[in-house]
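**Q** In our numbering, the protein residues as written are 9 to 248.
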């Protein structure tokens, strides 16, 4: 018998214990971003314009509405101040010949038409403004520059009526080289006080410069003369 062969014992496979499956860790919460607070921007205050800023627009509007301003150039002259004075009176504001202010500017620029007069039809002479109003029916038909009596020759503050009309040109019976055109006599103070045109419009100053009568610019005096019948009321009031 052959040498005994020892039967080898079966080799056992070594079994390795599997490692446990790693547990996923819970993710940390994403931090919330703190919003950036923007500083509050205060609106810039509106710049309050000076009255002169509106002067040209005001003159255009006054001229459009029939208030005589003279040259529409943004320069508030004595003539433009007459128009502003008339504007204040016809809108119930304090009557003054002062220059343009912001209240005037806003009032004029927001207007769309002339107001209706609160007085009866007739002719009204405002010595403060050196302005004449011709009221026909319920409207201001004309607003016109005038010059009333100067120092020592003041036009009296009274109410009269047209009692005489003298068409065309004639010379005053009291004063030398005193040209009168289309005269409407309304007071009977001898030899009579009248509304009349002058030789040239440059004699119708923006201040009192007449000899008791009321000088009126041409051609407006001609239209007023034609449209004014005898008996028409004429009232003079105010102080320069």
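Note that beta-carbon positions come from the ideal geometry of N, C-alpha and C, so glycine has one too.
Quick check: the Cα distance between residue 249 and residue 232, rounded to an integer number of angstroms?
**A** Outside the shown range of the chain (9 to 248) lies residue 249, about which nothing can therefore be said.
**Q** Less than 8 Å between the C-beta atoms of residue 183 and residue 229, yes or no?
**A** The answer is no: Cβ separation not under 8 Å.
**Q** For residue 172 and residue 201, I'd like the C-alpha separation in whole angstroms.
**A** Rounded to whole angstroms, residue 172 to residue 201 spans 10 Å at the Cα level.
**Q** Contact between the region 104–123 and the region 55–74: three or more CB pairs below 8 Å?
**A** Output reads yes: the region 55–74 touches the region 104–123.
**Q** Could you spell out the range, first to last residue, of the alpha helix (DSSP H) harbouring residue 89?
**A** Looking at the DSSP string, the run of the alpha helix (DSSP H) that includes residue 89 is 86–98.
**Q** Starting from residue 69 and walking both ways along the alpha helix (DSSP H), at which residues does that stretch end?
**A** Run containing residue 69: 63–72, per the alpha helix (DSSP H) assignment.
**Q** Who are the near neighbours of residue 21 in its chain, counting only those whose CB is closer than 6 Å to its CB and skipping five residues on each side?
**A** Only weak support exists for where residue 21 lies, its pLDDT of 46 falling under 50; the coordinates are left without a value.
**Q** Three or more C-beta pairs closer than 8 Å, one from the region 194–208 and one from the region 86–99: is that the case here?
**A** Too few Cβ pairs lie closer than 8 Å, so no.
**Q** What runs of the alpha helix (DSSP H), each 4 residues or longer, lie entirely inside the region 186–239?
**A** You should have 228–235.
**Q** Restricting to Cα atoms, I'd like to know which of 54, 146, 76 is closest to residue 225.
**A** When only C-alpha atoms are compared, the closest one is 76.
**Q** So, under 8 Å CB-CB, residue 108 and residue 59 are touching, yes? Tell me the CB distance rounded to an integer number of Å.
**A** With a Cβ gap of about 4 Å, residue 108 and residue 59 count as contacting.
**Q** How about residue 176 and residue 219: do their beta carbons lie closer than 8 Å?
**A** Against a cut-off of 8 Å, the Cβ pair of residue 219 and residue 176 comes out as no contact.
**Q** So the beta strand (DSSP E) residue 155 belongs to, where does it begin and stop?
**A** Counting along the chain, the beta strand (DSSP E) containing residue 155 begins and ends at 147–155.
**Q** Please state the DSSP three-state secondary structure of residue 179.
**A** Three-state DSSP puts residue 179 in a strand.
**Q** Less than 8 Å between the beta carbons of residue 118 and residue 245, yes or no?
**A** Taking 8 Å as the Cβ cut-off, residue 118 and residue 245 do not qualify as a contacting pair.
**Q** Helix, strand or coil for residue 116, going by three-state DSSP, please let me know.
**A** If DSSP states are grouped into helix, strand and coil, residue 116 belongs with the helices.
**Q** For residue 170, count neighbouring Cβ atoms within 10 angstroms of its own Cβ and tell me buried if that reaches 16, exposed if not.
**A** Under this definition residue 170 is a buried residue.
**Q** On a CA-only basis, which of 160, 61, 88 is nearest residue 71? Give me that one, please.
**A** Looking at the Cα atoms, 88 is the closest of the given residues.
**Q** Suppose contacts are defined by Cβ-Cβ distances below 8 Å. Is residue 247 in contact with residue 136 by that definition?
**A** Yes.
**Q** DSSP state of residue 250, grouped into three classes?
**A** With the chain running from 9 to 248 in the structure shown, residue 250 is simply not present.
**Q** When you compare only the Cα positions, how much space is there between residue 227 and residue 152?
**A** Approximately 10 Å between the Cα atoms of the pair.
**Q** Do residue 242 and residue 131 have their C-beta atoms within less than 8 Å of each other?
**A** For residue 242 and residue 131, yes; Cβs fall inside 8 Å.
**Q** Measure how close the beta-carbons of residue 214 and residue 124 come, nearest whole angstrom, since I'm counting them as under 8 Å.
**A** Contact doesn't hold; Cβ gap of about 27 Å is too wide.
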